[in-house]
Amino acid sequence: MPPGRDSLEHVLPDRPTKLVPPTLAKMAAWCVCLILVGVVVYFFALIIARLTFVALPVAVALLLTALLYPLTNSLRQAGMRPIYATWVTMLVALAVLAGTGWLVGARAGEEFPNLVQQVQATARDVQDWLITGPLHLQQTQITAYVDEIATMVNTQRQAITTTVLSAGAVAFEVLASIVLLLFVTFFLLKDGERIWAWVLKGFGDVSPRIDRAGRAAWTTLSHYVQGTVAVAAVHGVIMGIVLAGMGVPLWAPLAVLIFFASFIPIVGIFFAGTVATLVTLGAKGLVLALVFLGILIVEQQLENHVLQPLIVGRALNFHPLAIILVLAIGGILAGIAGAAVAVPVAAVIYRALPELRHQQPALPPPPSGQEQGEPDSEPGPDPAAAPVAD
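For the sequence shown, counting from 1, position 123 maps to 123 in UniProt numbering; every step adds exactly one.
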């Protein structure tokens, strides 16, 4: 062996680390980890996108299960068998949905002609104001503006027709998704604990951490869904009463629209409020539209600063900027459905990660004077010697 070879082998393994500063080495390690995580998340998102037909109904079913499980659990605790408790819960949910749909459809059928008449009357009033008001427009100018709008609508008619036909082509997929959603919700309500126990068996030694993370995520999801439904119901009822008090047509469909839009933070209420304000403007004029807009803004501020902290609590303690970014990412990945489920998914991940990282504390040492594995000085009765009841 040539002289100095041992010293050379001793020096060479340390040369790369000495050439790179420790801070740069740590940054490089973090970058490699982040790149690997990003690649995994990217391919996972691609898989979810390809399986949207299955992933979206399952996600909605989880939200419905979190909402309906308290009723199922109450029925079970009252002595009802799980299968019967699940059926009663599903029938109650379907009855509520059917009753809401019937109310909205009936009110829309009765009040839509009245809405058309009020919009026509408002349009005539606006036209008279444009001619006799401070603008002093000519009838020919107003007619030209109306013709331009009509031309634009006729130009887009082909695109609108194509969109309607495309929507009709996917009606079967929507129906199949609804059936899958109902099946998943039913079995999650009936056998949720058994399904979770079966899932934990595949994680081996880390199953306690997975169990803690899953239960923390489920608690967060339940609090979020139940609190959001309560807040959205209060918001929809208040705005429905305001619209009905103003005599706005289609107040019931607008209240339902505001209720469902409240599930998408910030963006949803902006969309529903805009629609309701435009309907109020067309039916009742500018003054009542501004009054409704003011009431909507005040009620929204009360909801954000009073109802949300009291009802939802700390289940979703996100900054508004974080909510906007999460909504943007969910909307880009999966459209409106992605924006609706993005916030609860982010909240679940945020609450589950600490439980995955948390190490369960070790058991306390045995008392002094008692060796490990040594039985107590006064053992209890032998279970085998206990009498067996007939």
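For each residue, glycine too, the CB sits at the ideal point set by N, CA and C. Owing to the predicted nature of the structure, the values given are computational and were not obtained by experimental measurement.
So what does DSSP say about leucine 19, is it helix, strand or coil? For the purposes of this step, residue 19 is identified with residue 19 of the sequence shown, where counting begins at 1. Reduced to three states, the DSSP call for leucine 19 is helix.
Residues in its own chain within less than 6 Å of alanine 85 by CB, not counting five upstream and five downstream? In the sequence shown, residue 85 corresponds to position 85, counting from 1. Thr72, Leu75 and Arg76, listed in sequence order.
Count Cβ pairs between the region 43-55 and the region 198-218 that sit closer than 8 Å; are there 3 or more? no
Is it true that the CB of leucine 200 sits closer than 8 Å to the CB of alanine 61? Here residue 61 is taken as the residue at index 61 of the sequence shown, counted from 1. Here residue 200 is taken as the residue at index 200 of the sequence shown, counted from 1. Not closer than 8 Å, so no.
Distance check for leucine 325 and isoleucine 295, CA to CA, integer angstroms please. Taking the first residue of the sequence shown as position 1, residue 295 is located at position 295. Taking the first residue of the sequence shown as position 1, residue 325 is located at position 325. Whole-angstrom Cα-Cα distance: 28 Å.
Assuming glycine 268 and alanine 276 are in contact, meaning their beta carbons sit under 8 Å apart, how far apart are those beta carbons, in whole angstroms? As a working note, residue 268 is residue 268 in the sequence shown. As a working note, residue 276 is residue 276 in the sequence shown. With 8 Å as the limit, glycine 268 and alanine 276 do not qualify as a contact, their Cβ atoms being about 12 Å apart.
Can you list, in chain order, the residues of its chain whose CB lies under 6 Å from that of alanine 352, leaving out five sequence neighbours each side? Here residue 352 refers to the residue found at position 352 when the sequence shown is read from its first residue. Answer for alanine 352: Ala213, Ala216 and Ala217, listed in chain order.
Mapping the DSSP letters down to three states, classify arginine 194 as helix, strand or coil. Position 194 of the sequence shown, counted from the start, is the residue given in the question as residue 194. Here arginine 194 sits in helix by DSSP.
Take phenylalanine 259 and list the residues in its own chain whose beta-carbon comes closer than 6 Å to its own, dropping the five residues that flank it on each side. The residue you call residue 259 lines up with position 259 of the sequence shown. Around phenylalanine 259: Ala232 and Gly236.
Once the 5 residues before and after alanine 93 are set aside, which same chain residues still bring their CB inside 8 Å of it? The residue you call residue 93 lines up with position 93 of the sequence shown. Hits under 8 Å: Leu64 and Leu68.
Isoleucine 220: which of Asp205, Gly204, Leu293 and Ala347 sits nearest, CA to CA? For this step, residue 220 is matched to residue 220 along the sequence shown. According to the sequence shown, residue 220 is threonine rather than isoleucine. The option with the nearest alpha carbon to threonine 220 is Ala347.
Rounded Cβ spacing between alanine 272 and leucine 293 (contact assumed at less than 8 Å): Within the sequence shown, residue 272 is the residue found at index 272, counting from 1. Within the sequence shown, residue 293 is the residue found at index 293, counting from 1. The Cβ separation is near 12 Å, so there is no contact.
Below 8 Å between beta carbons: does that hold for valine 242 and valine 58? As a first step, residue 242 is located in the sequence shown; it is residue number 242 there, counting from the start. As a first step, residue 58 is located in the sequence shown; it is residue number 58 there, counting from the start. No, the pair does not count as a contact, with Cβ atoms beyond the cut-off.
Return helix, strand or coil for valine 248, following the three-state DSSP convention. Locating residue 248 in the sequence shown gives position 248, counting from the first residue. Of the three classes helix, strand and coil, the one that applies to valine 248 here is coil, per DSSP.
Beta-carbon separation of valine 225 and proline 70 under 8 Å? As a working mapping, residue 225 is identified with position 225 in the sequence shown. As a working mapping, residue 70 is identified with position 70 in the sequence shown. The answer is no: Cβ separation not under 8 Å.
Looking only at C-alpha atoms, which of Val287, Ile329, Leu19 and Ala66 sits nearest to histidine 223? One-based indexing of the sequence shown puts residue 223 at position 223. If we check each option's Cα against that of histidine 223, Ala66 comes out closest.
On the criterion of 16 or more Cβ atoms from any shown chain inside 10 Å, does proline 249 qualify as buried, or is it exposed? Here residue 249 refers to the residue found at position 249 when the sequence shown is read from its first residue. When all chains shown are included, proline 249 counts as buried.
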